[in-house]
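Engineer: What follows is a structure written as structure tokens; I'll ask about it next.
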Amino acid sequence: MKGKAPRQAALLRVVERRSPSSQEEMVQLLRERGFCATQSSVSRDVRELGLVRIKGRYVPAARAGVAGAASLLPERDNELINTVEPVGANLVVVKTSPGSANAVGVDLDRRALPEIAGTVAGDDTIFIAVRSRAAQGRVLAMLRVSAGGELVRH
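So the sequence shown is numbered by this note's numbering: it starts at -6 and just counts up by one.
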């Protein structure tokens, strides 16, 4: 057993190289590489990594240009986001610098992204209600790409 982080890294490499058509195919490809993987673990990985299915093949959301992933937030907001964390199936919690949550939340609201049902912002925390588990993965990927790093906590 190699753990979640190495499995997810391997899954990203597999998706980049092979663009698998199903989660079952991902499970098989990971097992061939020595990882303990089940359909449910791969399903969670797909969501957490922000993989999306386009034309029958899985690809990273950033590569697919999902909802403008590379430009979700303007440059000034990149430094304001500290962490992003999925909670349950329909919530994303974003921690920002003190006093910055409202500005980032307003920016998200103005974009009217179809994945986001709404936001609630406090001083340094934003709750983002997403429409589905798949939408949650896309929002996590967009926030990670826009903030330029590995901000997602699991």
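Positions of the beta carbon are idealized from the N, C-alpha and C atoms, including for glycine.
It should be emphasised that the depicted structure is a prediction, and the values quoted were computed from it without experimental measurement.
Taking the CB atoms as reference points, tell me whether residue 118 and residue 82 lie closer together than 8 Å.
Structural biologist: no
Engineer: Tell whether a beta-carbon distance below 8 Å holds between residue 11 and residue 22.
Structural biologist: yes
Engineer: Report the option in 13, 39 and 1 whose CA atom is closest to the CA atom of residue 27.
Structural biologist: 1
Engineer: Would you mind stating whether residue 129 and residue 85 have Cβ atoms separated by less than 8 Å?
Structural biologist: Yes, Cβ-Cβ distance for residue 129 and residue 85 is below 8 Å.
Engineer: Relative to the C-alpha of residue 42, which residue among 31, 29, -3 and 73 is closest?
Structural biologist: Comparing Cα positions, the closest option is -3.
Engineer: Under 7 Å Cβ to Cβ from residue 108, same chain only, skipping five residues before and after it: list those, please.
Structural biologist: For residue 108, where only same-chain residues beyond five positions count, the Cβ hits under 7 Å are 60, 123, 124, 128, 131 and 132.
Engineer: Please state if the CB of residue 39 and the CB of residue 16 are separated by a distance shorter than 8 Å.
Structural biologist: yes
Engineer: Short of 6 Å in beta carbon distance, which residues of its chain neighbour residue 6, apart from the five on each side in sequence? Order them along the chain.
Structural biologist: So no residue of the chain qualifies.
Engineer: So, helix, strand or coil for residue 46, using DSSP?
Structural biologist: strand
Engineer: Where residue 19 and residue 49 are concerned, what is the direct C-alpha to C-alpha distance, given to the nearest angstrom?
Structural biologist: A straight line joining the alpha-carbon of residue 19 with that of residue 49 spans about 13 Å.
Engineer: Got a sec, what are the start and stop residues for the beta strand (DSSP E) residue 83 sits in?
Structural biologist: No beta strand (DSSP E) holds residue 83; DSSP gives it neither H nor E.
Engineer: Going by C-alpha to C-alpha distance, which of 106, 112 and 53 sits closest to residue 13?
Structural biologist: 53
Engineer: Could you give the first and the last residue of the continuous alpha helix (DSSP H) run that contains residue 96?
Structural biologist: 94 to 104
Engineer: Could you check how far apart the C-beta atoms of residue 112 and residue 98 are, in whole angstroms? I think they sit under 8 Å.
Structural biologist: 4 Å
Engineer: DSSP state of residue 30, grouped into three classes?
Structural biologist: coil
Engineer: In the DSSP output, what is residue 111 paired with across the bridge?
Structural biologist: 122
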